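Just so you know, the sequences run in chain order X and F.
Under the UniProt record's numbering, the first sequence has 81 at position 81, and the numbering climbs by one with no breaks.
Under the UniProt record's numbering, the second sequence has 61 at position 61, and the numbering climbs by one with no breaks.
Yeah, the Cβ is synthetic: ideal placement off N, Cα and C, and Gly gets one too.
Since the structure is predicted, the reported quantities are computational estimates derived from the model, not experimental observations.
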Amino acid sequence: MKIVYIPSKITSDVNGYELLLRLQSDLSHFIGEDIHISFKNVYWFEANLVAILGAIIEDLENRHNRVKIIDAEYFRLKNDILFRNGFFPQYGITSSSLFSSSTQIPYMKFKEHEPQLYNDYIQSELLDNKDFPRHSEKLGGEIKRNIFELFENARTHGKCKHIHTCGQFYPTRKKLHITIVDTGQTIVNNVKDFLKKDMKSSEYIDWAMETGNTTKVGNIPGGLGLGLIFEFINLNKGKIQVVSSNGYWELREGKISKHDLNFSFRGTIANLEFDLTENNHYSLADEVPQFDIIF
Amino acid sequence: MQLRIIDIIKTNFAVTTDDGDRIFDLLDQNFSKKNPVILDFEGITLMTTAFLNSSIGQLYSNNKYSSEFLNSNLKIVNVQEQDRSLFAIVVKRAKEYFADRQGFERNTSDSIYGSD
């Protein structure tokens, strides 16, 4: 039996992603083992990032390892969010007398062929949640569109078994965080195969984020989803981080950062932050088209 | 022929490639019989480019339907104000995508077989 300890602090920055990717890397050679993942040392775990841990556990289980989460009660003393957002209960650990709050968008995993369930999830957890911060209808519509564009991108490009997702909103700061993780084909490999050109991993992600760039080759055009998310996040003054293979790409406050990490993730992580106070005019095109001659 | 999207995809979220594909198939069937279509988006509250790429953008594949044909035979109605600009973006992108692909395939063919 192998016991691994989650590091003390997991946040959505280069260091936080490196720690989670290192965990996956350290366990990459285990097949058919009992693996216990301990929360004994954890004092902070950014709630929505459990989508990444869920994907890492799926990866282990795909190699016939038997995974168990242990020492959750240690973390419970500091914070009960991973009980409230359904992550610990997913692995059979429950707790009573939890702090009453509904600012979490629960941890869920969806099969690639279950987009309707994802629709229902967003409807019930985001749209029908009475505690979700007030925001303009227009902004709400654009946020939902962006979440669905990203989910559909993961579903069609990742060719994965499951898509893991989890979110958290912050009523006082008026922010919404949502993480979507797939364990399929990486953006890096998809773009590398398509361009047949050697670049740094983060540069492949940079290419994929540009409007008009797509690795699709069939009869359905592509190249809009990620580009439009990029443009929207820029206008919204939000944040998007993409980790794929060992590439790290971030857009925050209008500035792009790119790094190649020391470890690789077998899939793609997208972490988004939306600003719910923004009242920009989110126009996708200069003019509303004339529908009589739209084609 | 009038096609109500919500009746076909059974949800008010027009967001997936698969649902877009179903709409494309129905459009293709009608156009091959020379039936003009009114595509009705009433009740659709959320739309993505992924859905529109497969339902509308795909009409431009293999030069199957020209802009003139589509402007005469496909009428789009009841699209929410905030979704209208998406159509223009998707149509523009589809034209570029298939033009690029023709160029790509021609270049590949030229480099294999020579251009003369």
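Query                                                                                                                        : Result
Residue environment, P115/X, which counts as buried when at least 16 other CB atoms sit within 10 Å                          : buried
Any chain X beta carbon closer than 8 Å to G43/F                                                                             : no
Cβ pair F295/X, V37/F closer than 8 Å                                                                                        : no
Three-state secondary structure assigned by DSSP to D19/F                                                                    : helix
C-beta contact flag for T156/X and N48/X at 8 Å                                                                              : no
Contacts that Q58/F makes with chain X (C-beta to C-beta distance below 8 Å)                                                 : N219, I220, P221
Residue interval of the beta strand (DSSP E) (run including N271/X)                                                          : 255–275
Contact set between the region 136–156 of chain X and chain F, restricted to residues whose Cβ is under 7 Å from the partner : K138, G141, K144, R145, F148, E149, E152, T156
Bridge partner(s) assigned by DSSP for K2/X                                                                                  : I35/X
Residues of its chain near E149/X, where Cβ-Cβ distance is below 7 Å and the 5 sequence neighbours each way are ignored      : G225, L228, I229
Beta-bridge pairing of Q241/X - partner residues as DSSP gives them                                                          : E250/X, N271/X
Local Cβ density within 10 Å of M47/F, reported as buried at 16 or more and exposed below that                               : buried
Straight-line Cα distance separating D292/X from K75/F                                                                       : 7 Å
Residue ranges of each alpha helix (DSSP H) within the UniProt domain "DUF4325" (19–83) of chain F, 4 or longer              : 49–55, 67–73
Test: L53/X CB closer than 8 Å to a CB of chain F                                                                            : no
Which listed residue (K2/X, V14/X, P7/X, Y5/X) has its alpha carbon closest to that of residue 298/X                         : Chain X is shown only over 1 to 295; residue 298/X falls outside these bounds and no answer can be derived.
Partners in chain F for F291/X, counting only beta-carbon separations shorter than 7 Å                                       : I76
Opening and closing residue of the alpha helix (DSSP H) in which R4/F lies                                                   : First-last for R4/F: 2–4, but that is the beta strand (DSSP E), not the alpha helix (DSSP H).
contact_flag[the region 159–170 of chain X, the region 99–112 of chain X] where n(CB pairs < 8 Å) is 3 or more               : yes
Residue from F274/X, S244/X, S38/X with nearest C-alpha to S136/X                                                            : F274/X
Beta-bridge pairing of D182/X - partner residues as DSSP gives them                                                          : I163/X, T268/X
Own chain residues within Cβ distance below 8 Å of G254/X, not counting five before or after                                 : N234, K237
Test: I112/F CB closer than 8 Å to a CB of chain X                                                                           : Note that I112/F scores a pLDDT of 40, beneath 50, so its modelled location is shaky and nothing firm can be said.
For Q290/X, three-class secondary structure by DSSP                                                                          : coil
Ordered list of alpha helix (DSSP H) runs contained in the region 65–135 of chain X, each at least 4 residues                : 72–78, 81–84, 87–90, 115–122
DSSP three-state assignment for I220/X, whether helix, strand or coil                                                        : coil
Contacting positions in the region 116–138 of chain X - beta carbon closer than 7 Å to chain F                               : Q116, N119, K138
Sub-8 Å separation of L19/X and I56/X beta-carbons                                                                           : no
Cut-off 8 Å between Cβ atoms - residues of its own chain near E61/X, not counting five sequence neighbours on either side    : V67
Option in N63/F, E68/F, V77/F with minimal Cα separation from N219/X                                                         : N63/F
Any chain X beta carbon closer than 8 Å to D7/F                                                                              : no
Check whether F31/F and N71/F have beta carbons under 8 Å apart                                                              : no
Simplified DSSP state of H157/X, which is helix, strand or coil                                                              : helix
Status (buried if at least 16 other CB within 10 Å, exposed otherwise) for Y204/X                                            : buried
Beta-carbon gap between Y43/X and I69/X smaller than 8 Å                                                                     : no
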